[in-house]
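Protein chains in written order, with UniProt numbering: chain A, 1 to 455; chain B, 1 to 455.
Shown next as structure tokens:
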């Protein structure tokens with residue numbers, strides 16, 4: 001029956017159970033649903049039912065639910081549960097989700113939770129919080145099952161039965177030796193189709209790919225993507241198995257990284273989404289805008305330096321927005337290529353040299369094409385002034401080459417020196433290219449001033 | 001031994017086996033490696049060894065290898081193998097990878113392959129190619145195992161053993177009824193820990209989440225991400241099971257979508273990476289640049305329309321790049337927020353209204369802040385001309401509000417009308433905002449011309 005119910009029908013049923021205080025029926029219903037769907041029900045439920053709903057669930061169900069919610073709703077639920085039941089739920093959560101949750105709480109609040117926990121649990125949580133959030137340690141969970149190489153398939157299956165409740169999302173068994181070092185991996189499928197008395201050693205895949213606990217989250221996600229893994233084991237310096245990172249975390253990393261790249265290209269302050277308040281969004285966007293305002297004034301002061309030239313050839317102004325804009329555009333294009341390339345390719349010296357030479361050629365090709373085109377346009381638009389056509393065309397050629405190279409080299413240099421590439425934002429490169437282009441354009445125009453004014 | 005060898009050591013060993021013509025040893029070595037590592041070896045191998053390497057592998061190993069390579073290298077391998085052996089390899093490939101490969105080949109070439117295949121296989125491949133590449137049908141593979149609800153765990157395990165060779169990357173068993181309709185799903189873990197004579201019906205999870213064969217790839221990826229799935233089943237109108245889509249494909253979709261968003265923001269033509277040739281990259285980038293060149297000239301002609309105003313107050317030019325640049329920057333920021341928001345949120349009418357009102361407020365806040373700031377700067381920089389300060393400040397306020405709204409509404413409108421949002425690229429919005437800002441700025445300046453020139 002539950003199998004074919006819509007979300008709305010489920011919601012009505014849940015409210016009915018809550019009103020009739022049918023706790024057992026509610027628990028059984030939720031057992032049939034995915035945690036994501038339970039979360040949708042919680043979000044869809046009128047506020048007045050939230051408290052009763054939470055208290056009707058088993059601690060396991062609350063742990064599953066809480067993992068699907070935003071930090072705001074998570075904290076709301078902890079509040080409704082009280083310290084003691086919250087600690088119980090926390091111990092049932094996946095470690096990586098728990099670490100994320102704890103990062104949202106104050107130190108005092110965390111201490112309150114730790115105080116009511118068993119010593120073993122609280123020590124465990126403290127060690128978990130010691131890893132940086134963007135490292136493998138911050139992503140890993142301890143919800144994995146290990147086995148010794150000399151044990152049999154039968155023993156492995158027995159062990160899995162014992163850990164059934166929390167091994168739900170696990171698809172490999174990790175094999176360790178007497179020193180707890182990782183020596184192999186065996187899939188559930190291998191166990192299923194193997195003879196029950198075969199030793200694990202004979203089944204296992206021994207060239208295990210693992211990540212180090214201090215590895216950056218991007219490298220971890222890349223490893224999972226390259227090998228099409230469902231999970232990757234995390235080890236310390238001595239190859240001891242500490243935890244695993246699952247593919248859903250890799251997906252989250254890829255989504256997060258893509259958002260960062262886009263923030264970078266558009267100079268949006270971090271973390272603005274559809275729900276951010278106007279004042280918060282403004283405060284996050286303003287620092288960049290104010291900086292760019294001052295850089296924009298620099299362009300203005302460059303123009304004012306060429307006032308004499310402008311006074312004599314007013315037509316030069318008409319091409320100014322086009323030249324500045326085009327230089328900015330080509331720079332942004334190159335920047336986008338570099339920013340995305342860095343995500344998937346390894347950036348060594350040879351790649352950098354090859355890329356810069358490639359972009360130099362690109363700059364020349366698009367510069368020549370657009371330069372010739374604009375020369376012709378300028379010539380016919382401005383009373384067949386051949387020198388104006390030359391000045392505008394030559395300027396565009398040079399600024400497009402410079403703009404392309406700037407859009408390539410600035411982010412590469414920042415990447416090389418390990419500076420936060422957020423600095424290499426699209427608008428910043430656009431604005432820098434504005435200044436370059438104005439200097440080149442008016443510089444060339446001034447050099448040919450006598451020819452320009454002669455006609 | 002293989003377990004701890006570096007990539008270079010492996011390469012040396014492979015070359016040794018090739019030189020000594022130890023075919024069996026090579027096949028055994030590769031069996032111990034992940035397909036990704038085999039691909040790295042193939043790429044690292046000097047060209048002269050490629051042909052021998054390919055012919056030494058089992059068809060299964062070639063199929064695994066080919067799935068890890070770029071289309072260019074894939075086609076090279078098919079060429080080395082010849083039509084007949086290629087068709088054999090093709091039949092061993094995952095369907096989704098095979099469909100991708102076939103998309104790279106000419107119709108004539110595909111027909112050659114189909115001609116030498118068994119009728120059943122060629123029909124299968126033809127039906128596969130009938131789905132659009134960006135739909136669920138284009139992503140799905142038929143490498144899944146199904147079972148009837150009234151069969152037992154024992155029968156399921158027997159079936160898995162039969163299909164062992166190709167069920168390697170499968171973690172669920174799909175349950176169908178007599179009409180081949182999808183009625184449930186059961187995990188390997190459930191099979192492992194269940195009693196051997198239990199009926200599948202008792203184990204299975206019956207609220208199966210599935211996607212429709214015509215669903216867009218983004219929706220499929222979102223479903224996998226939301227539910228933390230390893231795979232999602234694909235069904236037709238009648239809920240008949242057609243295939244599955246695995247999480248690694250979802251990751252590829254997320255990466256591809258992020259790249260598209262960035263191409264959109266930066267007006268890079270599609271598919272430019274570190275390896276694209278300069279001439280190809282230029283041809284892909286040029287159409288946008290030429291379009292933007294003409295739009296840039298529009299700005300120029302607007303300025304030329306205000307020549308009289310400019311002649312009288314030259315100082316107006318100094319603030320022109322700043323005003324145009326700032327309007328473009330704020331528009332790009334808003335665009336980035338919308339483009340990323342569309343990926344994760346549902347865009348209904350209420351969201352759109354809320355978002356536009358929010359961005360209006362954002363525009364006002366940043367407009368007032370930057371406007372007041374620039375009024376003061378203009379006043380002190382340009383000989384304490386209070387009217388110039390007013391004109392520049394008021395213009396910036398208005399252009400920032402307009403720019404913010406343009407950056408929000410243009411992509412939302414395109415999204416609503418189902419137009420390819422690639423049109424709403426960052427540089428396009430920047431250029432449109434350029435034109436808006438110049439008209440507003442010079443319009444206000446002209447209105448206050450008598451005051452500006454009075455001082």
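The beta-carbon is built from N, C-alpha and C at its ideal position, and this holds for glycine as well.
Are the C-beta atoms of residue 217(B) and some chain A residue less than 9 Å apart? Here residue 217(B) corresponds to residue number 217 of the second chain, with the count starting at 1. Not a single CB atom of chain A sits nearer than 9 Å to the CB of residue 217(B).
Closer than 7 Å, Cβ to Cβ, to anything on chain A: give me those residues from the segment 23 to 53 of chain B, in chain order. Cβ contacts with chain A: 32, 33, 34, 36.
Write down every uninterrupted run of the beta strand (DSSP E) in the UniProt domain "CBS" (140 to 202) of chain A whose length is 3 residues or greater and which is fully enclosed by it, in chain order. Within the UniProt domain "CBS" (140 to 202) of chain A, the complete beta strand (DSSP E) runs of at least 3 residues are 146 to 148, 172 to 176, 182 to 187.
Using the Cβ count rule (16 or more neighbours within 10 Å means buried), how would you classify residue 382(B)? Counted from its first residue, the second chain places residue 382(B) at position 382. Buried is the label assigned to residue 382(B), since at least 16 other Cβ atoms lie within 10 Å of its Cβ.
Could you have a look at residue 132(B) and say whether DSSP puts it in helix, strand or coil? Looking up residue 132(B) in the second chain gives position 132. Note: residue 132(B) maps to coil in three-state DSSP.
Neighbour-count burial assignment, residue 395(B), 16 or more Cβ in a 10 Å radius: Taking the first residue of the second chain as position 1, residue 395(B) is located at position 395. Of the residues assessed, residue 395(B) falls on the buried side of the cut-off, its CB having 16 or more other CB atoms within 10 angstroms.
For residue 227(B) and chain A, any beta-carbon pair shorter than 9 Å? Within the second chain, the letter at position 227 stands for residue 227(B). Output row for residue 227(B): interface = yes.
Quick check on residue 285(B): buried or exposed, where buried means 16 or more other Cβ atoms within 10 Å of its Cβ? Mapped onto the second chain, residue 285(B) falls at position 285. When all chains shown are included, residue 285(B) counts as buried.
Which two residues bound the contiguous beta strand (DSSP E) that contains residue 244(B)? What you label residue 244(B) is simply residue 244 of the second chain in a count that begins at 1. Counting along the chain, the beta strand (DSSP E) containing residue 244(B) begins and ends at 241 to 246.
Got a sec? Which residues, its chain only, sit under 8 Å from residue 25(B) by beta carbon, not counting five neighbours each side? Against the second chain, residue 25(B) aligns to sequence position 25. Around residue 25(B), the same chain offers 17 as residues with beta carbons nearer than 8 Å, after the five sequence neighbours per side are excluded.
Could you give the DSSP three-state label for residue 211(B): helix, strand or coil? Position 211 of the second chain holds residue 211(B). If DSSP states are grouped into helix, strand and coil, residue 211(B) belongs with the strands.
Given that residue 434(B) touches chain A, what residues does it touch there, using C-beta distances under 7 Å? To locate residue 434(B), count along the second chain from 1; it is residue 434. By Cβ distance, chain A contributes 321, 325.
Would you say residue 276(B) faces chain A, with C-beta separation under 9 Å as the test? Numbered from 1 along the second chain, position 276 holds the residue referred to as residue 276(B). For residue 276(B), at least one C-beta of chain A is nearer than 9 Å to its own C-beta.
Environment of residue 349(B) [buried if 16+ CB atoms lie within 10 Å]: Walking along the second chain from the start, residue 349(B) turns up at place 349. So residue 349(B) ends up on the exposed side.
Can you find a C-beta in chain A that's less than 9 Å from the C-beta of residue 411(B)? Against the second chain, residue 411(B) aligns to sequence position 411. Judged by the 9 Å Cβ criterion, residue 411(B) is not in contact with chain A.
In chain A, which residues lie with their C-beta within 7 Å of the C-beta of residue 259(B)? Taking the first residue of the second chain as 1, we reach residue 259(B) at position 259. Below the 7 Å Cβ cutoff, chain A contributes 340 as neighbours of residue 259(B), in chain order.
Contacts of residue 209(B) in chain A (Cβ-Cβ under 7 Å): Within the second chain, the letter at position 209 stands for residue 209(B). Residues of chain A passing the Cβ test: 34.
Would you give the residue range spanned by the alpha helix (DSSP H) that residue 308(B) belongs to? If you number the second chain from 1, residue 308(B) lands on position 308. For residue 308(B), the uninterrupted alpha helix (DSSP H) segment begins and ends at 307 to 312.
Neighbour list for residue 161(A) in chain B, Cβ cutoff strictly below 7 Å: Walking along the first chain from the start, residue 161(A) turns up at place 161. Within chain B, the residues near residue 161(A) are 193.
Return the first residue and the last residue of the beta strand (DSSP E) that residue 233(A) is part of. By one-based count along the first chain, residue 233(A) stands at place 233. Per DSSP, residue 233(A) belongs to the beta strand (DSSP E) from 231 to 235.
Cβ-based burial, residue 74(A) [other Cβ within 10 Å; buried from 16]: Along the first chain, one-based indexing puts residue 74(A) at 74. Looking at its Cβ environment, which holds 16 or more other Cβ atoms inside 10 Å, residue 74(A) is buried.
DSSP on residue 216(A), reduced to helix/strand/coil? In the first chain, counting from the first residue as 1, residue 216(A) sits at position 216. In the structure shown, residue 216(A) sits in a strand (DSSP, three-state: E or B).
Would the beta-carbon of residue 184(B) fall within 9 Å of that of residue 196(B)? Taking the second chain and counting its residues from 1, one reaches residue 184(B) at position 184. Taking the second chain and counting its residues from 1, one reaches residue 196(B) at position 196. Taking 9 Å as the Cβ cut-off, residue 184(B) and residue 196(B) do not qualify as a contacting pair.
Please report the straight-line C-alpha distance between residue 332(B) and residue 429(B), rounded to a whole angstrom. Looking up residue 332(B) in the second chain gives position 332. Looking up residue 429(B) in the second chain gives position 429. Distance between the alpha carbons of residue 332(B) and residue 429(B) is about 7 Å.
Residue 58(A) to residue 30(A), Cα distance in whole Å? Within the first chain, numbered from 1, the residue matching residue 58(A) stands at position 58. Within the first chain, numbered from 1, the residue matching residue 30(A) stands at position 30. Those two C-alpha atoms are separated by around 10 Å.
For residue 327(B) and residue 265(B), what's the separation of their Cα atoms in angstroms? Working through the second chain from its first residue, we reach residue 327(B) at position 327. Working through the second chain from its first residue, we reach residue 265(B) at position 265. In this structure, the alpha-carbon of residue 327(B) lies about 16 Å from that of residue 265(B).
Just how far apart, CA to CA, sit residue 222(A) and residue 171(A)? Against the first chain, residue 222(A) aligns to sequence position 222. Against the first chain, residue 171(A) aligns to sequence position 171. Straight-line Cα distance between these residues: approximately 19 Å.
Nearer than 8 Å: is that true of the beta carbon of residue 383(B) relative to any heavy atom of the ligand MG? Looking for the ligand MG in the displayed structure turns up nothing, as the structure carries no ligands at all.
In angstroms with no decimal places, state the Cα-to-Cα distance between residue 241(B) and residue 147(B). On the second chain, position 241 is the one that residue 241(B) refers to. On the second chain, position 147 is the one that residue 147(B) refers to. If you draw a straight line from the Cα of residue 241(B) to the Cα of residue 147(B), it is about 11 Å long.
Quick one, which of 234(B), 447(B), 387(B) has its alpha-carbon nearest residue 140(B)'s? Position 140 of the second chain, counting from 1, holds the residue named residue 140(B). Looking at the Cα atoms, 234(B) is the closest of the given residues.
Here's a check: name, in chain order, each residue in its chain whose Cβ is nearer than 7 Å to the Cβ of residue 324(B), leaving out the five neighbours to either side. Translated into positions along the second chain, residue 324(B) becomes position 324. So the list reads 434, 437, 438, once near-sequence residues are dropped.
Below 9 Å between beta carbons: does that hold for residue 355(A) and residue 412(A)? Here residue 355(A) is taken as the residue at index 355 of the first chain, counted from 1. Here residue 412(A) is taken as the residue at index 412 of the first chain, counted from 1. Yes, the pair counts as a contact, with Cβ atoms nearer than the cut-off.
Does the distance from the C-beta atom of residue 67(B) to that of residue 46(B) stay below 9 Å? If you number the second chain from 1, residue 67(B) lands on position 67. If you number the second chain from 1, residue 46(B) lands on position 46. Result no, Cβ atoms of residue 67(B) and residue 46(B) do not sit closer than 9 Å.
Give me the Cα-Cα distance between residue 55(A) and residue 14(A), rounded to the nearest whole angstrom. Taking the first chain and counting its residues from 1, one reaches residue 55(A) at position 55. Taking the first chain and counting its residues from 1, one reaches residue 14(A) at position 14. Cα to Cα, residue 55(A) sits roughly 13 Å from residue 14(A).
Taking the alpha helix (DSSP H) that residue 107(A) falls in, what are its first and last residues? Looking up residue 107(A) in the first chain gives position 107. That run of the alpha helix (DSSP H) goes 107 to 116.
Is it right to say residue 453(B) is buried, meaning 16 or more other beta carbons lie within 10 angstroms of its own, or is it exposed? Here the question's residue 453(B) lines up with position 453 in the second chain. In the assembly as shown, residue 453(B) is an exposed residue. Its beta-carbon has fewer than 16 other beta-carbons within 10 Å.
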